[in-house]
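Residue numbering for the sequence shown follows our numbering, starting at 382 and increasing by one per position.
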Amino acid sequence: MGKLRVITWNLSVMGPIESKWSYLQSVMAETDDPTIIALQEVKERDRDYLMDQKGFNEFSYSLEFRQPGLFDGANRKMGCLIGGRGEVDATHPGVLTRAPFPDRTVFSDLLMDGMMLKCLCFHSLTGVGYKKAKTAQFIGVAEYLHQYRGQPFICCFDANEPEIDHVEMQKMKYFNQAGDQGKGAEMILGPKPVHRMKDAYRIWLDMHPKLLADLKQKQADLDSSQLRYLPLAVSHLVSRKYPKRYDYIFVSDHFKVIHAEYRLEEAIRAGGDHAMVIADLEY
């Protein structure tokens, strides 16, 4: 039986990369197990810095496949990156060309201890700025997840969803993007997804019934307006004050979740504005 650590983090395009790398390095050093690192909002110069540090023995970077155009703005100059540390070999990297923003996606096949797995890192668009394009982005991702749904798979992402993160998945609520009722997000995050993965943190919660019961009790006493700001864990503070869980590690049933957590305060001190999400797995 092998062990694996998975880390996902929206680095934020703001702030220096040096302090973020220092924190990321300290988390990677907590284990000798092979580690998959999935990062969002990675600028090209930050990618160059990370590679110069030689902290990853493998990496795939989305802006190598969809390079910013001559007239592209800053929103097309932040990519996604998959890195490997330890006995992780990467092959067949690329981006999702059927998504409207391929640069917000990157995938790779990863070989570890004889197991070949699919890994996808993606960054949702924001509904405020992109309306129905956010739905189209989710649909492009959902097609890929559905295509490879029977294979060992790890997906790391910043979803900018949901509106309500409920203990009971049937009571989840997604943002309505110009009339779509959140259907794009539901295809990935909902109780009947198009893939065969599960949220690693929900799996971990199921392993801790007292914590789960406490969350159920807290949410049971709230109306919908209050539920918006009591997620299962906090990974981002919208406008620096409204707690949301937007960041995820999803895993197929080829993996057993040993531990999962969100580290928000440490990630913010390092210069980010999203929590680092960590999952320790066995396979």
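Each residue gets a CB set at the ideal place from its N, CA and C atoms; glycine is no exception.
query: Per DSSP, what kind of secondary structure is Leu392 in: helix, strand or coil?
result: By 1-based counting over the sequence shown, the position of residue 392 is 11. Looking at Leu392 - three-state DSSP - the assignment turns out to be coil, as it is neither helix nor strand.
- prompt: Do Ile417 and Leu526 have their C-beta atoms closer together than 8 angstroms?
  reply: Here residue 417 refers to the residue found at position 36 when the sequence shown is read from its first residue. Here residue 526 refers to the residue found at position 145 when the sequence shown is read from its first residue. Leu526 is positioned such that its CB atom lies no closer than 8 angstroms to that of Ile417.
Helix, strand or coil at Ser441 according to DSSP, with G and I counted as helix: The residue you call residue 441 lines up with position 60 of the sequence shown. Here DSSP, grouped into helix, strand and coil, assigns Ser441 to strand.
- request: Work out the CA separation of Tyr610 and Val619 for me, nearest whole Å.
  value: One-based indexing of the sequence shown puts residue 619 at position 238. One-based indexing of the sequence shown puts residue 610 at position 229. Here the C-alpha atom of Val619 lies approximately 10 angstroms from the C-alpha atom of Tyr610.
- prompt: If we call anything under 8 angstroms between Cβ atoms a contact, is Ala480 one with Thr486?
  reply: To locate residue 480, count along the sequence shown from 1; it is residue 99. To locate residue 486, count along the sequence shown from 1; it is residue 105. A contact, by the Cβ cut-off of 8 angstroms.
message: Let me confirm a value: Gln562 is counted as buried when at least 16 other C-beta atoms fall within 10 Å, else exposed. Which label applies?
response: Position 181 of the sequence shown holds residue 562. Gln562 counts as exposed, since fewer than 16 other beta carbons sit within 10 angstroms of its beta carbon.
task: In the DSSP assignment, find the unbroken alpha helix (DSSP H) run with Val509 in it and report its ends.
output: The sequence position of residue 509 within the sequence shown is 128, counting from 1. From DSSP, the alpha helix (DSSP H) with Val509 extends over 508-511.
- request: Would you check if the stretch 637-645 and the stretch 576-588 touch, i.e. whether three or more CB-CB distances between them fall below 8 angstroms?
  value: Contact between the stretch 576-588 and the stretch 637-645 is established, with three or more Cβ pairs separated by less than 8 angstroms.
Thr478 classed as buried or exposed, judged by whether at least 16 other C-beta atoms fall within 10 angstroms: To locate residue 478, count along the sequence shown from 1; it is residue 97. Around the beta carbon of Thr478, fewer than 16 other beta carbons lie within 10 angstroms, which makes this residue exposed.
- request: Let me know if Asp661 comes out buried or exposed under the rule of 16 or more other beta-carbons within 10 Å of its beta-carbon.
  value: Here residue 661 refers to the residue found at position 280 of the sequence shown. Burial call: buried.
query: Which residues in the same chain as Ala419 place their Cβ atom closer than 6 angstroms to its Cβ, once the five residues preceding and following it in sequence are excluded?
result: Counted from its first residue, the sequence shown places residue 419 at position 38. The residues are Thr389, Ile463, Cys502, Cys537.
query: Which of the three DSSP states, helix, strand or coil, is assigned to Met459?
result: Numbered from 1 along the sequence shown, position 78 holds the residue referred to as residue 459. Here Met459 carries a coil assignment [DSSP, helix/strand/coil].
field: beta strand (DSSP E) runs wholly inside the stretch 567-612, at least 3 long, in chain order
entry: Taken in chain order, the complete beta strand (DSSP E) segments of 3 or more residues contained in the stretch 567-612 are 578-580.
field: Distance between Pro543 and Gly454 (C-alpha atoms, nearest Å)
entry: Within the sequence shown, the letter at position 73 stands for residue 454. Within the sequence shown, the letter at position 162 stands for residue 543. Taking the straight line joining both Cα atoms gives about 27 angstroms.
message: Within a Cβ cutoff of 6 angstroms, which residues of the same chain sit near Gly565, ignoring the five residues on either side of it in sequence?
response: Here residue 565 is taken as the residue at index 184 of the sequence shown, counted from 1. Cβ neighbours of Gly565 beyond the five flanking positions: Thr516, Phe519, Ile520.
query: Where does Pro474 sit, in a helix, a strand or coil, going by DSSP?
result: By one-based count along the sequence shown, residue 474 stands at place 93. Here Pro474 sits in strand by DSSP.
query: Considering only C-alpha positions, which residue in the set Cys461, Gly475, Gln421, Asn456 is nearest to Asn446?
result: The sequence position of residue 446 within the sequence shown is 65, counting from 1. Inspection of the sequence shows that residue 446 is occupied by Phe rather than by Asn. Among Cys461, Gly475, Gln421, Asn456, the Cα nearest to that of Phe446 belongs to Gly475.
field: 8 angstroms Cβ cutoff met for Arg466 and Gly510
entry: Position 85 of the sequence shown, counted from the first residue, corresponds to residue 466. Position 129 of the sequence shown, counted from the first residue, corresponds to residue 510. The Cβ atoms of Arg466 and Gly510 do not sit closer than 8 angstroms to each other.
task: Give the DSSP-derived three-state secondary structure of Val619 in the structure shown.
output: Translated into the one-based positions of the sequence shown, residue 619 becomes position 238. Here Val619 carries a strand assignment [DSSP, helix/strand/coil].
- request: Return the CA-CA distance between Met550 and Pro612, expressed in angstroms with no decimal places.
  value: By one-based count along the sequence shown, residue 550 stands at place 169. By one-based count along the sequence shown, residue 612 stands at place 231. Here the alpha carbons of Pro612 and Met550 stand approximately 12 angstroms from one another.
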